[in-house]
Each structure stands twice: as structure tokens, then as C-alpha cells.
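Numbering of the sequence shown is given in my numbering, commencing with residue 102 and proceeding in unit increments.
Ideal Cβ placement from N, Cα and C applies to all residues, glycine included.
All values derive from a computational prediction rather than experimental measurement.
Below is one structure, written out as C-alpha cells; comments come after it.
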Amino acid sequence: MFNEEYDIIVVGAGHAGSEAAAAAANMGSKTLLITMNLQNIAQMSCNPAMGGIAKGQIIKEIDALGGYSGIVTDYSAIQFKMLNKSKGPAVWSPRAQSDRMMFSQKWRELLEDTPNLDFYQDSVIGLIVDNKTIKGVVTQLGLKIKSKTVILTNGTFLNGLIHVGEKQFGGGRVGEKASFGITENLTSLGFVSGRMKTGTPPRVDGRTLNYNKMEEQPGDINPGKFSYLPSPPTLSKQRSCYVTYTNPKTHDLLREGFDRSPMFNGRIQSVGPRYCPSVEDKISRFSEKDRHQIFVEPEGWNTVEVYVNGFSTSLPEEVQYKALKSVPGFEDVKFFRPGYAIEYDYFPPTQLKHSLETKLVDGLFFAGQINGTTGYEEAASQGLMAGINASLKISNKAPFILKRNEAYIGVLIDDLITKGTEEPYRMFTSRAEFRMLLRQDNADLRLTELSNNIGLASNDRLSIVLSKKKKTEDMMVFIKNLSIKPEQINDILIKKGSSPISQSMKLFKLFSRPQISFSDISSIEHVSNYIIDNDVKDEIIEQVEIQVKYSGYIDKESSNAEKLNALENISIPTNFDYSRLKCLSSEAKSKLDKIKPVSLSQASRISGVSPADISAMLVFMGR
Numbered sequence: 102m103f104n105e106e107y108d109i110i111v112v113g114a115g116h117a118g119s120e121a122a123a124a125a126a127n128m129g130s131k132t133l134l135i136t137m138n139l140q141n142i143a144q145m146s147c148n149p150a151m152g153g154i155a156k157g158q159i160i161k162e163i164d165a166l167g168g169y170s171g172i173v174t175d176y177s178a179i180q181f182k183m184l185n186k187s188k189g190p191a192v193w194s195p196r197a198q199s200d201r202m203m204f205s206q207k208w209r210e211l212l213e214d215t216p217n218l219d220f221y222q223d224s225v226i227g228l229i230v231d232n233k234t235i236k237g238v239v240t241q242l243g244l245k246i247k248s249k250t251v252i253l254t255n256g257t258f259l260n261g262l263i264h265v266g267e268k269q270f271g272g273g274r275v276g277e278k279a280s281f282g283i284t285e286n287l288t289s290l291g292f293v294s295g296r297m298k299t300g301t302p303p304r305v306d307g308r309t310l311n312y313n314k315m316e317e318q319p320g321d322i323n324p325g326k327f328s329y330l331p332s333p334p335t336l337s338k339q340r341s342c343y344v345t346y347t348n349p350k351t352h353d354l355l356r357e358g359f360d361r362s363p364m365f366n367g368r369i370q371s372v373g374p375r376y377c378p379s380v381e382d383k384i385s386r387f388s389e390k391d392r393h394q395i396f397v398e399p400e401g402w403n404t405v406e407v408y409v410n411g412f413s414t415s416l417p418e419e420v421q422y423k424a425l426k427s428v429p430g431f432e433d434v435k436f437f438r439p440g441y442a443i444e445y446d447y448f449p450p451t452q453l454k455h456s457l458e459t460k461l462v463d464g465l466f467f468a469g470q471i472n473g474t475t476g477y478e479e480a481a482s483q484g485l486m487a488g489i490n491a492s493l494k495i496s497n498k499a500p501f502i503l504k505r506n507e508a509y510i511g512v513l514i515d516d517l518i519t520k521g522t523e524e525p526y527r528m529f530t531s532r533a534e535f536r537m538l539l540r541q542d543n544a545d546l547r548l549t550e551l552s553n554n555i556g557l558a559s560n561d562r563l564s565i566v567l568s569k570k571k572k573t574e575d576m577m578v579f580i581k582n583l584s585i586k587p588e589q590i591n592d593i594l595i596k597k598g599s600s601p602i603s604q605s606m607k608l609f610k611l612f613s614r615p616q617i618s619f620s621d622i623s624s625i626e627h628v629s630n631y632i633i634d635n636d637v638k639d640e641i642i643e644q645v646e647i648q649v650k651y652s653g654y655i656d657k658e659s660s661n662a663e664k665l666n667a668l669e670n671i672s673i674p675t676n677f678d679y680s681r682l683k684c685l686s687s688e689a690k691s692k693l694d695k696i697k698p699v700s701l702s703q704a705s706r707i708s709g710v711s712p713a714d715i716s717a718m719l720v721f722m723g724r
């Protein structure tokens with residue numbers, strides 16, 4: 102049945118697996134995607150939304166690199182919002198509500214339309230490894246399928262255990278069986294595994310909710326999109342979300358079930374996501390608060406199903422129901438299904454290289470929640486990078502590694518590889534040292550050309566980016582060179598509360614003033630004529646405005662990034678013997694030997710390695 106040898110086998114078709122399969126196939130690798138259920142490709146297991154703080158930047162980066170997540174989100178979006186618009190552009194973060202069913206359907210359509218990609222529905226129970234090199238996989242049906250590389254993207258399915266109150270049952274998602282055999286196979290090969298937990302809230306019948314008791318949360322008046330490509334277009338209509346709040350009665354009702362909570366009675370001992378706690382965890386940890394937000398999110402255009410964001414729980418179903426009925430707007434609520442917690446196996450990511458290839462088995466890659474991350478976006482980005490690097494490996498090409506000053510994806514992977522994680526890792530803008538450089542608006546300018554060079558991002562996509570880059574540069578030159586007379590600008594300056602000028606001044610300097618926006622200067626005849634004559638789009642104006650107003654910050658971060666890259670360029674040999682450096686601390690020797698950093702810069706980010714240790718290594722290397 103499978104007599105040929107594949108270049109790449111991807112195990113699992115969630116967000117990581119789907120991006121991995123697409124990237125590998127689009128780079129020309131003969132790829133097989135194996136999943137337990139082909140009807141659930143790229144299933145949104147938790148909330149029906151993509152993006153958010155830092156996560157939106159990741160989706161923009163995936164799109165810039167030639168991945169599919171941004172395109173799929175745009176096609177399936179029912180609402181779009183740019184978060185943090187009241188703050189600086191470094192933290193502007195796009196977020197979209199999606200139609201859950203449409204999202205999965207569009208993903209499958211795109212994958213089926215991708216050349217070099219085959220599909221097979223089965224469960225992988227083991228790996229074929231010979232002399233520490235991957236050779237293929239073994240399925241539940243007993244099939245042995247050969248491949249040059251394998252990417253594991255198992256999500257929450259590895260020995261998955263679902264908890265609802267005192268009830269527990271095996272499963273990787275509600276209604277879907279867990280995956281067994283891979284963990285045991287990997288640990289026998291020398292890998293270290295651990296357990297993590299995540300959870301999800303109840304899904305309810307929107308027809309039974311009273312939205313008049315909630316605060317409406319509409320989308321942006323002028324909605325944006327994730328993909329830098331012209332298609333699909335921006336949303337012409339949107340669905341609103343709503344906000345309501347728990348109250349002391351809700352909290353008291355929830356506490357009544359604490360003795361039967363798997364989180365508090367010891368049934369769940371693994372660590373859950375710090376930044377997305379269950380509702381019982383919230384009222385336990387933040388007992389001083391008398392209310393918590395509940396976001397009421399529709400699941401799609403044509404369904405009454407509603408996702409109750411902020412009410413993730415593993416309490417008994419009757420406790421969930423009774424407590425939720427005390428929330429304003431939920432007095433007559435009917436459940437589609439209760440919330441639950443799920444425990445699953447993961448593999449500490451310090452066992453990986455920056456390419457996401459394992460250190461122990463050549464040709465074996467891990468991506469997604471198997472690496473201890475949480476979130477669709479984090480998983481998708483890892484899948485994309487694993488797919489790229491598996492494809493490059495079989496072509497005997499150098500791996501594609503994004504630096505911390507190049508992408509949030511680079512920050513994510515470096516954090517995982519260098520620091521590891523003992524709790525589900527979630528990306529935030531605060532994790533990036535160079536977030537002024539890593540904005541959501543410029544991901545295409547940062548990454549598309551790099552991706553085109555390795556054979557993923559298309560030439561058509563690159564031409565769009567190069568046009569955007571040139572038009573931005575041309576307009577910057579125009580603004581720097583244009584002199585403005587007092588009579589052209591003073592009325593505007595006075596109206597905006599800015600000091601008028603007494604002599605001609607360069608527009609760049611005037612535009613740099615915090616009170617002055619592009620809409621203020623666009624009425625100046627020379628500027629309006631330039632916009633018309635050069636067909637300047639909004640995205641060019643946005644680039645120019647950011648580059649003008651934040652030029653000082655951008656220049657400073659660029660300078661700091663250059664200093665970082667100086668250390669990145671000091672490589673450490675693969676089998677470097679740290680015991681030779683007598684002046685290193687014992688902790689540093691142990692950590693360095695375990696992580697095996699590839700550069701001095703990476704070594705400096707390892708917990709337990711001090712600046713003194715780095716100085717000693719610099720001296721040893723003759724720097």
C-alpha cells in the first residue's frame with residue numbers, strides 16, 4: 102500500500118501539522134499527512150479565534166513566510182479587531198473571531214489543493230529508528246511507512262486524559278480518542294517526557310442568552326486582515342461579541358464544587374497555562390476580586406453555538422451549569438457541552454535544535470504542544486518552521502533559523518530551545534527585546550524575501566513586498582525633502598495644540614511632532630498630490646507614519662540588534678568540552694552541556710549562565 106519512501110511524514114493535522122505539511126509540500130518535498138480523523142483538519146479545539154497580543158504578530162509572520170494560517174483566518178473571519186491601538190505600534194496586535202467550521206473546511210481545501218501532499222487516516226503508534234536515524238512510522242493498522250524525515254505534531258493527544266469533575270476518560274479532544282505508543286517509543290530512545298494540562302469552557306446555546314444584560318463588543322469600523330495578499334478582501338459585515346461578568350454568587354456556587362475539582366483534589370498534578378487559568382483557579386488565586394470577565398463569542402455565521410471565554414473549568418457539569426446560570430445574561434442558559442480539563446504528554450524542548458529537529462534522533466522533528474507550548478498561533482509557527490527545515494534537510498541545505506531580532510517566531514523557538522518550559526508557553530510582546538522592530542505591519546518586509554530565498558514564499562508574493570518597500574522608501578524621501586512654509590501648516594499646528602513655525606521647515610520634522618498625524622498633513626497640496634500621483638495605499642501611509650514618528654526608537658533597537666548579532670556570529674563547536682574551562686561555574690557547565698548552545702549569544706540566555714561565564718568563554722575563544 103505504501104511501497105514508496107516519502108521525504109516527510111507529518112503526524113497530526115492540527116495547526117502545527119497542517120502548516121508543516123503545507124510548507125514541506127510547497128517546497129517540493131513528497132509529503133504524507135497522517136491524522137486520526139481527516140474530518141478534523143486544523144480543528145479549533147478551544148476558542149474560535151486567531152491572533153491577539155503577540156499571537157497576531159505570529160500569524161502575520163506565518164503569512165509573510167508563505168504559510169496558510171493568515172489566509173484561512175481571513176476567509177473564515179466573522180469579526181476583526183486591532184488590539185492595543187491606544188498604545189504604540191510595537192504592541193498593536195490583530196485578532197479575528199472565526200467561523201469554526203469554515204476555518205477547518207478552508208484549511209482542508211487549501212491542503213488538498215497543494216501539490217506533493219498525500220493524506221492518510223490512521224493513528225501512528227510508533228517510529229522506525231535505525232542507528233539514531235528516523236526511517237518512518239508504524240500505524241495502528243500495522244502499516245510501516247518509510248520516510249526520510251518525520252514531524253510529530255501530536256497536540257494534546259499523547260496519552261490524553263480528560264477530566265470533568267471526578268470523571269475521567271481517555272481522549273485527545275472531547276469525542277476523540279487519545280494516541281498511545283509514541284511517548285513510550287520516544288522514552289525508550291532516551292527522550293525525557295512530562296505532563297501538562299489545559300482546559301476549555303462550556304459551549305452553550307446562544308438562543309438561551311439575554312444579550313441585553315451584556316456589553317456589546319463590535320469589530321473595528323474599518324476592519325483589517327491578516328494576509329498581506331490582496332485576496333481575500335477585508336470583512337464587509339461582522340458579528341459582535343459580548344462581555345458579561347461573574348459575581349460573588351457565581352464564585353460561591355463554584356466553591357461548592359471545589360472538593361470534587363480534579364485541580365484541587367489531586368487528580369490533576371500537571372501544570373496548566375499560567376495566562377489562561379480556569380475559572381476555579383481565578384477565584385482561588387484572586388479571592389479579593391468580586392468579579393471576572395466573561396467574553397461571549399459566537400462560533401460562526403450560521404450557528405447558535407457560543408463559546409464562553411473566561412469560564413474554562415473542569416468542575417462537575419452540574420456545578421458548571423448552576424454557577425453559569427448566576428452570570429447576567431445566562432439565567433436561562435442551555436449547555437451544548439460542559440467544559441473539561443485535559444492532561445497530555447509533552448517533551449521538554451531543550452531536547453531540540455533551533456531547527457526543531459531532535460538532538461537524539463536524526464531527521465525527527467517536534468512541533469506544537471508536544472514542545473510545551475499553548476495556543477494555535479504558537480503551534481502553527483512551529484509547524485511551519487519544522488516543515489521548512491525538514492524539507493531543507495533532505496536537500497542537504499542549511500537550516501532556516503530566524504533570529505530574535507527578525508521575528509516573534511525566532512523569539513518563541515529560541516526561548517523553548519534555550520530556556521525550556523515547565524508550564525504551557527504562551528507568547529507575549531514582553532518576551533521580545535526588539536518588539537519595535539517586530540511589528541505586525543512589517544512582517545512581510547522582514548521575512549518574505551528570506552522565505553523566497555529558500556523556495557517557499559512565491560515570486561508573486563515577493564513582488565508585492567518589493568513594491569511596498571519601494572513606495573515606502575520613496576515617500577520617506579519625499580517627506581524628508583519637502584519644505585513647508587508657515588502659511589501652509591500653521592493653522593493645522595495651532596488647531597492641534599502644537600507650536601506654529603516662523604520659517605520654512607522640513608515636513609519630516611513637523612510630522613515627527615506627537616500631536617500631528619498623517620490625516621493632518623494630507624490636506625497640504627504637495628502631499629495630497631503625491632498620494633494621488635503615486636497611488637499611495639493606506640499600508641504605505643501606515644509604514645511611513647510609524648517610521649517617521651518612531652525613528653529614534655527603531656534606530657536604537659536596530660543598533661542593539663547589531664550588538665546581539667555580534668555574539669550570534671561567535672559560534673560554539675558542536676562537541677565543545679566545557680570541562681576545559683575551569684573558571685566556569687558548575688551550574689554553567691551543567692546547563693551548557695545539556696543545552697549545547699550553537700552561539701555565544703544563545704549561551705548568554707541560558708538560565709544559570711552568568712555574564713562572568715560568558716566573559717570567560719570570550720577570553721577562551723580569543724575574543
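Within a Cβ cutoff of 7 angstroms, which residues of the same chain sit near residue i, ignoring the five residues on either side of it in sequence?
| i | result |
| --- | --- |
| Ala662 | Asn506, Phe535 and Leu538 |
| Ile160 | Met151, Gly152, Ser170, Gly171, Thr174, Phe327 and Glu478 |
| Tyr221 | Leu133 and Ile135 |
| Glu658 | Phe535, Met537 and Leu538 |
| Asp382 | Met364 |
| Gln318 | Ser341, Cys342, Tyr343 and Val344 |
Could you name the residues that DSSP lists as bridge partners for residue i?
| i | result |
| --- | --- |
| Arg438 | Arg304 |
| Arg274 | Glu277 |
| Met128 | Beta-bridge pairing links Met128 to no other residue. |
| Pro195 | Met183 |
| Lys298 | Glu444 |
| Lys338 | Paired residue(s): none; Lys338 is not in a bridge. |
| Met606 | Ile585 |
| Ser700 | Ser672 |
| Gln318 | Cys342 |
For the candidate residues the options, whose alpha-carbon lies nearest to that of residue i?
| i | options | result |
| --- | --- | --- |
| Glu523 | Thr451, Ala155 and Ser385 | Thr451 |
| Gln180 | Arg196, Ile384, Leu517 and Tyr445 | Arg196 |
| Gly261 | Asp446, Val462, Asn676 and Ser177 | Asp446 |
| Tyr176 | Ser388, Met128 and Thr335 | Thr335 |
| Gly266 | Glu357, Leu583 and Lys581 | Glu357 |
| Thr345 | Val238, Pro333, Leu287 and Asn311 | Asn311 |
| Ala125 | Thr288, Glu285, Leu493 and Gly243 | Leu493 |
| Thr748 | Val380, Thr404, Ser568 and Ile229 | This structure gives no information on residue 748, because the portion of the chain shown stretches from 102 to 724. |
| Ser496 | Lys690, Ile109 and Ile263 | Ile109 |
| Lys156 | Ile226, Gln370 and Thr474 | Thr474 |
| Gln241 | Ser294, Ala279 and Ile647 | Ala279 |
| Glu646 | Gln269, Ser702, Ser700 and Met577 | Met577 |
| Ala727 | Ala689, Lys697 and Leu685 | This structure cannot speak to residue 727, because the chain is shown only from 102 to 724. |
| Gly237 | Tyr651, Ala121 and Tyr107 | Tyr107 |
| Ser388 | Gln703, Asp592 and Leu355 | Leu355 |
| Gly320 | Gln339, Pro439 and Tyr679 | Gln339 |
| Gln589 | Ala442, Val225 and Ile602 | Ile602 |
| Met137 | Leu184, Met183, Trp193 and Gly276 | Gly276 |
| Ala121 | Gly307, Met486, Asp634 and Glu444 | Met486 |
| His352 | Pro331, Pro149, Arg392 and Gln370 | Arg392 |
Tell me which same chain residues have a C-beta within less than 8 angstroms of the C-beta of residue i, skipping the five on either side of it?
| i | result |
| --- | --- |
| Val305 | Glu406, Val407, Val409, Leu425, Phe431, Val434, Lys435, Phe436 and Phe437 |
| Val557 | Sequence inspection shows Leu at residue 557; the Val mentioned does not correspond to that position. These residues qualify, in order along the chain: Ala124, Asn127, Met128, Leu166, Gly167 and Ile489. |
| Pro500 | Lys454, His455, Ser456, Glu458, Asn490, Leu493 and Lys494 |
| Phe270 | Leu262 and Ile263 |
| Pro712 | Ser705 |
To which residues of the same chain is residue i closer than 6 angstroms at the C-beta, ignoring the five residues directly before and after it?
| i | result |
| --- | --- |
| Arg274 | Ser146 |
| Pro324 | Phe181, Thr335 and Leu336 |
| Val420 | Gly358 |
Exercise for review: Report yes or no: do three or more beta-carbon pairs, one from the stretch 422–438 and one from the stretch 396–413, lie closer than 8 angstroms?
Suggested key: yes
Review point. Are the stretch 668–679 and the stretch 636–643 in contact at 8 angstroms, needing three or more beta carbon pairs?
Key: no
Practice item. Run through the stretch 667–697 for me and flag every whole alpha helix (DSSP H) of 4 or more residues, listed as ranges in chain order. Key: 687–696
Practice item. Say whether the stretch 251–259 touches the stretch 363–371, bearing in mind that this needs 3 or more beta-carbon pairs closer than 8 angstroms, one atom from each stretch. Key: no
Practice item. Go through the stretch 200–269 residue by residue and report every complete run of the beta strand (DSSP E) that reaches 3 residues or more, in order. Key: 218–222, 225–231, 234–240, 245–253 and 262–265
Exercise for review: Evaluate the contact criterion for the stretch 459–477 versus the stretch 248–255: three or more CB pairs, one atom per stretch, below 8 angstroms.
Suggested key: Touching, per the Cβ criterion.
**Study point:** Length-filtered (4 minimum) alpha helix (DSSP H) runs lying within the stretch 379–465
**Key:** 380–386 and 418–425
Exercise for review: Specify whether the stretch 394–406 and the stretch 187–203 touch according to this definition: at least 3 beta carbon pairs, one from each stretch, less than 8 angstroms apart.
Suggested key: yes
Exercise for review: Would you check if there are 3 or more beta carbon pairs closer than 8 angstroms linking the stretch 583–599 to the stretch 619–637?
Suggested key: yes
Check your understanding: With contact counted as at least three CB pairs below 8 angstroms, one residue from each stretch, are the stretch 142–151 and the stretch 205–221 in contact?
Key -> Enough Cβ pairs lie closer than 8 angstroms, so yes.
Review point. Which full runs of the beta strand (DSSP E) of 3+ residues lie inside the stretch 129–180, going along the chain?
Key: 132–136 and 150–152
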